[in-house]
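Here this note's numbering is used: the sequence shown runs in plain steps of one and ends on residue 245. Using N, Cα and C, we set each Cβ at its ideal position, and we do this for glycine too. Worksheet: the structure to be examined is printed underneath.
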Amino acid sequence: MPLVRVHNFSISLDGFGSGEPQSLESPFGHAGQRLHEWMFATSFWDREAGQRGVDAVFAARHELGFGAEIMGANKFGPPGWQDDPDWQGWWGDEPPFHTPTYVLTHRPRPPLEMAGGTTFHFLDASPAEAIAVAREAAGDLDVRLGGGASVVRDFVAAGLVDHLHLVVVPIVLGRGARLWDGLEALEDTFDIESVSSPSGVTHLTFTKRG
Ligand SMILES: NC(=O)c1ccc[n+]([C@@H]2O[C@H](COP(=O)([O-])OP(=O)(O)OC[C@H]3O[C@@H](n4cnc5c(N)ncnc54)[C@H](OP(=O)(O)O)[C@@H]3O)[C@@H](O)[C@H]2O)c1
């Protein structure tokens, strides 16, 4: 059975996946780039100059074996993007998904076909319904749950995530989009492992028990 997987989801020590306020100028709010500096330093991001150690090995798994992605409305654009008929996401003409990509929003619009195999579909649906649609599109491949925090939280809470890779970044944000609310006793249903990287981040993997 293909899996539902989260990769490279970065959180602060206090569990925020984004700062605030999110805006066109600052997609991650007061967090800026700090949640993802570990990734920018890898060969996953910078093929020529990036480091090829632990962080790069984890980061590269983001690309392996996916046939569809699901993301939240706040990952797709800044607050209010639904009012802009020309908004096509942050990623330019050729987004890095290369699969059907389902954007959960209470204000859906017609699909948007981009270069390179990404088509954005806008879906007002429960997590279980969204997984069913994405699984159908993905065929034998896995479904990536791309974030942000509230979507990851909702899908984990609904028991729909098989594998979760978090990257704990040693910063304290204090406010923003929080991952952990409502996920009490997650350790009862997942095997949890951690790997410390020389870069200072800690990779956590949560693998659902069979
Ligand atoms: N830390 C990381 O690694 C990482 C990864 C990805 C993204 N991010 C960042 O995280 C931030 C976004 O996270 P977030 O927690 O604020 O928001 P989010 O999870 O991206 O999106 C939440 C929004 O999606 C829509 N939505 C969610 N479930 C839905 C459903 N079942 N049906 C219909 N609509 C649904 C709702 O928007 P509407 O009601 O407005 O439609 C909801 O407010 C951004 O800054 C993004 O860049 C961080």
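query: Check: Val186 C-beta below 8 Å from any heavy atom of ligand 1; result: yes
query: Ala103, enclosing beta strand (DSSP E) - first and last residue; result: 101-107
query: Cutoff 6 Å; reference Asp16; Cβ partners in own chain excluding five residues on either side; result: In the structure as shown, the chain starts at 36 and stops at 245, and residue 16 therefore has no counterpart that could be examined.
query: Distance CB(Phe63)-CB(His200) smaller than 9 Å; result: no
query: Cα-Cα separation, Leu239 to Gln68; result: 20 Å
query: Three-way DSSP call (helix, strand, coil) for Arg40 in this model; result: strand
query: Any non-hydrogen atom of ligand 1 within 8 Å of Thr140 CB; result: yes
query: Glu219 burial status per 10 Å Cβ neighbour count (16 or more: buried); result: exposed
query: Leu239 Cβ short of 8 Å to ligand 1 heavy atom set; result: no
query: CB of Leu176 within 9 Å of CB of Phe79, strictly; result: no
query: Distance cut-off 8 Å: Ser231 Cβ against heavy atoms of ligand 1; result: no
query: Ligand 1 heavy atom lying under 8 Å from the CB of Gln117; result: yes
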